[in-house]
Amino acid sequence: MTAKHSTARPVTRTDLIILGWAVVLVAVAVLVTAAALLMSKLGGA
């Protein structure tokens with residue numbers, strides 16, 4: 007990921023932390039959704 011377009015200000019530590027948490031939350035949401043779909047298929051509901 008190259009941020010060449012962001013010339014306004016350098017990326018700070020806070021930006022990295024927010025990005026990291028956003029990625030983690032999205033990953034958790036995808037995993038939970040996949041798990042729910044898998045359980046519903048296995049359960050035969």
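Adding 6 to a residue's 1-based position in the sequence shown gives its number in the numbering used here.
Every residue gets a Cβ at the ideal spot worked out from N, C-alpha and C, and that includes glycine.
Express the C-alpha separation of V34 and A42 in angstroms, rounding to a whole number. Taking the first residue of the sequence shown as 1, we reach residue 42 at position 36. Taking the first residue of the sequence shown as 1, we reach residue 34 at position 28. Spanning the two alpha carbons is a distance of roughly 12 Å.
Report the rounded CA-to-CA distance for R15 versus G26, giving the unit in angstroms. By 1-based counting over the sequence shown, the position of residue 15 is 9. By 1-based counting over the sequence shown, the position of residue 26 is 20. For R15 and G26, the distance between alpha carbons rounds to 19 Å.
Cβ of G49 within 7 Å of any heavy atom in the ligand GTP? This structure does not include the ligand GTP; it has no bound ligands of any sort.
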